[in-house]
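Trainee: Per this note's numbering, the sequence shown starts with residue 54, numbered consecutively. Ideal Cβ positions, reconstructed from N, Cα and C, are used throughout, including at glycine.
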Amino acid sequence: MEEASLVTMGEAMLRLQPIDASPPPSASRHLPQPFLRSVGGDELNVAVALSLLGVPARWVSALPHGPLGDVVAESCAYHRVEFAGPRADGEVGVYTVLPEQKAVHYQRRHSVWAAHEPAALVWPQLLREGTGRAWLHVTGITPLISEPSRQSWCNALEAAAKASIPTSLDLNHRKQLGSLAELWAVVAPYAAMFEVIILSHEQLNGLVELCGRGALVPADADDAACARSMAELQRGWRCKRVALCRKRRDEAGVQRRWSLFTSAQEGEDAALSFHSTHDIPLWHLPKDECGGGSAWAAGFIHALHVKPAGSPVEALRRADLLAALCQETAGDFSSVSGEQLARAERAFAGKEAWLPGAAKESGAFPPLMEPHAAAAAIAQTVRGLQASGVLAIFRAKGEPEVAIARGVELAAMGCRAMEVTLDSNDWKAVLSGLRKALPADVMLGVGTVMDDTVSQIGLIKSLGGTFALSPIDPKGFIEECQRHGILAISSAFTPNECWDLHRRGCRMIKLFHAGLSSPAILKSILDVGPLGQNLNILPSGGVSPANAAQWWDAGAACVGMGSNLVGKDIGYARGTPEYEQALSDWKGKGRAVAEQLCAEVASRFPRK
54 MEEASLVTMG
64 EAMLRLQPID
74 ASPPPSASRH
84 LPQPFLRSVG
94 GDELNVAVAL
104 SLLGVPARWV
114 SALPHGPLGD
124 VVAESCAYHR
134 VEFAGPRADG
144 EVGVYTVLPE
154 QKAVHYQRRH
164 SVWAAHEPAA
174 LVWPQLLREG
184 TGRAWLHVTG
194 ITPLISEPSR
204 QSWCNALEAA
214 AKASIPTSLD
224 LNHRKQLGSL
234 AELWAVVAPY
244 AAMFEVIILS
254 HEQLNGLVEL
264 CGRGALVPAD
274 ADDAACARSM
284 AELQRGWRCK
294 RVALCRKRRD
304 EAGVQRRWSL
314 FTSAQEGEDA
324 ALSFHSTHDI
334 PLWHLPKDEC
344 GGGSAWAAGF
354 IHALHVKPAG
364 SPVEALRRAD
374 LLAALCQETA
384 GDFSSVSGEQ
394 LARAERAFAG
404 KEAWLPGAAK
414 ESGAFPPLME
424 PHAAAAAIAQ
434 TVRGLQASGV
444 LAIFRAKGEP
454 EVAIARGVEL
464 AAMGCRAMEV
474 TLDSNDWKAV
484 LSGLRKALPA
494 DVMLGVGTVM
504 DDTVSQIGLI
514 KSLGGTFALS
524 PIDPKGFIEE
534 CQRHGILAIS
544 SAFTPNECWD
554 LHRRGCRMIK
564 LFHAGLSSPA
574 ILKSILDVGP
584 LGQNLNILPS
594 GGVSPANAAQ
604 WWDAGAACVG
614 MGSNLVGKDI
624 GYARGTPEYE
634 QALSDWKGKG
644 RAVAEQLCAE
654 VASRFPRK
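1. In terms of residue numbering, what span does the beta strand (DSSP E) encompassing Leu540 cover?
2. Please report the Cβ distance between Ala426 and Trp349, rounded to the nearest whole angstrom; I am assuming they are in contact, meaning their Cβ atoms lie under 8 Å.
3. By the three-class DSSP mapping on this structure, what secondary structure does Met503 have?
4. Do the stretch 386-396 and the stretch 96-104 make contact, defined as three or more Cβ pairs closer than 8 Å?
5. Identify the continuous beta strand (DSSP E) that holds Ala173 and give its terminal residues.
6. Roughly how many angstroms lie between the CA atoms of Gln160 and Ala213, to the nearest whole one?
7. In chain order, what residues of the same chain lie with their CB nearer than 6 Å to the CB of Lys413, ignoring the 5 residues before and after it?
8. Please state if the CB of Gly500 and the CB of Pro453 are separated by a distance shorter than 8 Å.
9. Let me know if Thr547 comes out buried or exposed under the rule of 16 or more other beta-carbons within 10 Å of its beta-carbon.
10. Does DSSP put Ser316 in a helix, in a strand, or in coil?
11. Assuming Gly93 and Met66 form a contact by the criterion Cβ under 8 Å, report the distance between their Cβ atoms to the nearest whole angstrom.
12. So if DSSP puts Cys298 in a beta bridge, which residue, or which two residues, is it bridged to?
13. Residues in the same chain with beta-carbon distance under 7 Å from Cys264, minus the five sequence neighbours each way, listed in chain order, please.
14. Quick check: the stretch 254-274 against the stretch 344-362, are there 3 or more CB pairs under 8 Å?
15. Identify whether Glu64 lies in helix, strand or coil by the three-state DSSP scheme.
16. With DSSP run on the structure shown, which of helix, strand or coil describes Glu472?
17. Is Lys563 helix, strand or coil by DSSP?
18. If you reduce the DSSP assignment to three classes, tell me which class Ala448 lands in.
19. Suppose only complete runs of 3+ residues qualify. What are the beta strand (DSSP E) ranges in the stretch 173-216, listed by chain order?
20. For Ala268, count neighbouring C-beta atoms within 10 Å of its own C-beta (all shown protein chains included) and say buried if the count is 16 or more, exposed if not.
21. Cα-Cα, which of Leu497, Ser326, Lys563 is closest to Val461?
22. With the cut-off set at 8 Å, would you say Ala645 and Leu618 are in Cβ contact?
23. Return the Cβ separation of Ile539 and Ile510 in integer angstroms, given the expectation that the two are a contact with Cβ distance under 8 Å.
24. Could you please give me the residues that DSSP links to Ser593 through a beta bridge?
25. Could you check whether the stretch 575-594 touches the stretch 618-631, counting it as contact only if at least three pairs of C-beta atoms, one from each stretch, sit closer than 8 Å?
26. Return the chain-ordered list of same chain residues with a C-beta closer than 6 Å to the C-beta of His358, the five sequence neighbours on each side being excluded.
27. Under a Cβ-count criterion, where at least 16 other Cβ atoms within 10 Å of its own Cβ denotes burial, should Tyr243 be classed as buried or exposed?
28. Around the C-beta of Ala493, are 16 or more other C-beta atoms found within 10 angstroms, so that it is buried, or is it exposed?
29. Count the other C-beta atoms from every protein chain shown that fall within 10 angstroms of the C-beta of Ala80, then say buried if there are 16 or more, exposed otherwise.
30. Determine the contact status of Trp166 and Ser202, defining contact as a CB-CB distance below 8 Å.
31. Are the CB atoms of Leu117 and Val134 nearer to each other than 8 Å?
32. Is the distance from the Cβ of Val270 to the Cβ of Asn258 below 8 Å?
33. Along the chain, where does the beta strand (DSSP E) containing Trp336 start, and where does it finish?
34. Alpha carbon to alpha carbon, what distance is there between Trp206 and Val113?
35. For Ser637, name the three-state secondary structure that DSSP assigns.
36. Report the start-end ranges of each beta strand (DSSP E) in the stretch 88-135 that is 3 residues or longer and not cut off at the edges.
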């Protein structure tokens, strides 16, 4: 099969940004100050992002002779993006980021690209020669730059249509270049050929008014409302997909990113289908406001054209991840490798993601989380354990694959939370194996954390763990878990010990050994107003399928069970008499008991 590749076209410019974004009040912004210089441009950004993911990329443009043109050309070469197009006498465009004004100033009117000769770009050759199984990506920036720029944009699309090359459009309307009506007048004749048209919320509403289809949607509208208007536009345009990127920020500047797209069969009466990552958003703190949209387009193209995602939501998630990861570093260009993107997809498969603010040079992913994101992750884990009802504890003393197989078996029964104790044989293999084998909605964590294993919390997170339990209160345990967004579940026995852990930020507390207490004692503790309102108690030790209901009735947030639920055979090496006897017990009685318990959990804790 021919290798997938990308062709894109448009202008790249030099980007200037003050090194000191907030100079002292006495300094005039008109006086010389040091600036950072880099290269940027939406279409080239997409080419660079895909090149870093291993995709052959060709960027078609025009550059000036001389050192400034060389800067752009050499940047292409460095990122293994092939530059194709003429070089001529003239200028390179420049844009200056003005942080104080939250604005960007462009100087591009007299650039070589704005004045290039469209006939110099022979599109049938540019699209097919040496590009493999090509995909053409364009933006709405290019047709408004100049008349030659508009003509080349149209020529490229017509050549792509004639050669049956798939295309995508990031509308990316820039008001400085012209009105949305002017842009859409150019785009509309080509709308039906696009595999996807990517919009912002503002552009969605603008096109609803302009095209007279759909309804205006407020900025805080839910995805379904947005999708209805997107689908109406799509049916009029007859393109394959319409995508919308959505973002919201809190007061601390932490951004929540998610996206959606609509897809419908051809025809005015086609049924609406839409897909969204709303329920698995990304939380991150952008280091640079530029480049995220380009990276999103690159990620979506990658999921559609290069390495097809397993589902529409996974395609959107890949795009979301690449956009957020791109903004972890300064500059328009992405610095995310294919390995980093794949690692992020594995780490956050099917669940919310919180990206670090630290540099990724160490290769450890993910590093420490931002405090806001960590707190949100911990709160989500608490809710997940409360909804799970029971925590299956794996003290796996035999082969890891035996424990993993039992985890798969229990998950099929409906068990939604599992703990791997750190005194298991090769606990890392068991934890990572379970994460790969189980559905994303099954929560995983570790147990038996002691003073000497607190340092393993970061590794536990990287292997898929979201909570950690201890039979004691290890030194630094709660604090280390909080730094990584892991739910710390330290142990306590008395009301005073429980409240002390609560004061220190422990959001769920293990009542251990529960066999030395009773459901009646737990109920009496939680009947004290402040205790019952604030404490989430997880009894463990001596809890069994026979008495689980009594603990739930007493107010337990969740209960932990070991061999009473998972079976004793995982505690022995295969082939030993103990293993064979325990396996026989599991098949003869244990499996049925586990099924009955999971059925009771499902009735008491129905999925939302």
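Mentor: Working from what's here:
1. 540-542
2. With a Cβ gap of about 20 Å, Ala426 and Trp349 do not count as contacting.
3. coil
4. yes
5. Neither: Ala173 is in no beta strand (DSSP E) and is coded neither H nor E.
6. 30 Å
7. With a pLDDT of only 32 at Lys413, under 50, the local geometry of the prediction cannot be trusted, and the value read off the model is given with reservation. Excluding residues within five positions, none has a Cβ falling inside 6 Å.
8. No, the Cβ-Cβ distance between Pro453 and Gly500 is not below 8 Å.
9. exposed
10. In this structure, Ser316 counts as strand in the three-state DSSP scheme.
11. That pair is a contact at about 6 Å.
12. Ser312
13. Close CB contacts of Cys264 within its chain, under the 7 Å cut and outside five residues either way in sequence, are with Leu286, Gly289 (chain order).
14. no
15. coil
16. strand
17. If DSSP states are grouped into helix, strand and coil, Lys563 belongs with the strands.
18. According to the sequence displayed, residue 448 carries Arg and not Ala. Correct three-state label for Arg448: coil.
19. Given a length threshold of 3 residues, each whole run of the beta strand (DSSP E) inside the stretch 173-216 is given here in chain order: 189-192.
20. exposed
21. Leu497
22. no
23. 6 Å
24. Gly613
25. No: the two stretches stay apart, fewer than three of their Cβ pairs being nearer than 8 Å.
26. Ala57, Trp188
27. buried
28. Ala493 should be labelled exposed.
29. The predicted position of Ala80 is uncertain, since its pLDDT is 47 and thus under 50; a value taken from the coordinates is nonetheless stated next. Exposed: under 16 other Cβ atoms inside 10 Å.
30. yes
31. The sequence shown places Pro at residue 117, not Leu. Taking 8 Å as the Cβ cut-off, Pro117 and Val134 do not qualify as a contacting pair.
32. yes
33. 335-337
34. 11 Å
35. Three-state DSSP puts Ser637 in a helix.
36. 88-93, 110-113
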